[in-house]
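Last residue of the sequence shown: number 247 in the working numbering, and the count goes up by one each step with no gaps. Here's the structure, in structure tokens; my notes come after.
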Amino acid sequence: MSGFASLRLTLSAALLGALIYSPLVMAQSAAAPAQSVTLGPSGLPLPRFVSLKSGRVNSRVGPGVNYSVDWMYMKPGLPMEIIQEFDTWRRVRDADGSEGWINQSLLSGRRTAIVAPWQRGKDARVNLLDDPAKDAGVIAILEPGVMGTIQSCDGQWCEMTFDGHTGWLAQSLVWGAYPGEKVKN
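Here is the structure:
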């Protein structure tokens, strides 16, 4: 066999190997996020979204009543992201990025969300739509920072209720559901 034919055979084998190997790597990469769910001591995933049960909830600097109160939340239903667990205490993060510890008895699994909190104070509006489609009719116009209840999310769209008005928002516009997460409240 000539050197040129040998080189062509080697390159063909390398190309074939790359073509076979690439889909396997991509399939493993696509499956990786589903396998990388971290479970907390409670057996529930971390991080995850919850909401506040009552209108007076203390956020403490540490996991216990002996730690000082850093912040008091006054809005029932406010969405929180649990990022850590210790005994009956949950380290949470709010939509502004503030963190603290709240007793689990003051948290609910009911899902709520805030519309585009990163746009608060800007001249921006978000349309609440009558169908999960960009060209759907507008039910209401929402200001960034308004809070609503999640009815469901399919990974791209969330059906939410705001003061009696139920409609659809792109999931990327809410803080209270992860990108691609499916939610049924």
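All C-beta atoms, glycine included, are put in the ideal place defined by N, C-alpha and C.
Environment of residue i [buried if 16+ CB atoms lie within 10 Å]
i                 : result
glutamine 218     : exposed
phenylalanine 111 : buried
glutamine 97      : Residue placement at glutamine 97 is poorly supported in this model, since its pLDDT is 48, which falls under 50; the coordinates are not used for a value here.
arginine 122      : buried
glutamine 90      : Confidence is the limiting factor: at glutamine 90 the pLDDT is only 39, short of 50, which leaves the residue's position unreliable and the question unanswerable from this model.
arginine 153      : buried
alanine 178       : buried
DSSP-derived helix/strand/coil call for residue i
i              : result
tryptophan 108 : Just to set this straight, residue 108 is leucine in the shown sequence, not tryptophan. If DSSP states are grouped into helix, strand and coil, leucine 108 belongs with the strands.
leucine 8      : Outside the shown range of the chain, which is 63 to 247, sits residue 8, and nothing can be said about it.
proline 194    : coil
proline 179    : helix
glutamate 243  : coil
aspartate 185  : coil
methionine 142 : strand
Residues near residue i by beta carbon distance below 8 Å, same chain, minus five either side
i          : result
valine 245 : Arg173, Ile212, Ser214, Cys215, Cys220, Ala239
Nearest candidate by alpha-carbon position, reference residue i, set the options
i              : options                        : result
alanine 157    : Ile145, Ser167, Pro141         : Pro141
isoleucine 176 : Glu143, Phe148, Gly242         : Glu143
leucine 101    : Ala195, Leu204, Phe148         : Phe148
aspartate 193  : Pro206, Arg118, Thr228, Tyr135 : Thr228
valine 208     : Gly199, Leu235, Val200, Ala198 : Leu235
glycine 199    : Glu161, Val188, Lys137         : Val188
arginine 182   : Arg155, Pro206, Leu169         : Pro206
Sequence-distant residues of its chain with Cβ nearer than 7 Å to residue i (five each side left out)
i              : result
valine 99      : Pro107
asparagine 165 : Thr150, Trp151
threonine 223  : Gly210, Thr211, Gln213
proline 109    : Glu143, Ile144, Ile145
tyrosine 135   : Leu114, Val119, Ser121
Residue i at chain D interface by Cβ criterion, 8 Å
i           : result
leucine 108 : Given the protein chain composition of this structure (a single chain), no chain D is represented.
Other residues of its chain near residue i: CB distance less than 6 Å, five sequence neighbours each side excluded
i              : result
asparagine 247 : Arg173, Ile212, Gln213
glycine 126    : none
| field | beta strand (DSSP E) runs contained entirely in the region 146–170, provided each spans 3 or more residues | value | You should have 151–155, 161–165.
Could you name each continuous beta strand (DSSP E) segment of 3 residues or more that falls completely within the region 199–232, going from the start of the chain to the end?
Unbroken beta strand (DSSP E) stretches of 3 residues or longer found wholly inside the region 199–232: 200–204, 209–216, 219–224, 227–232, given in chain order.
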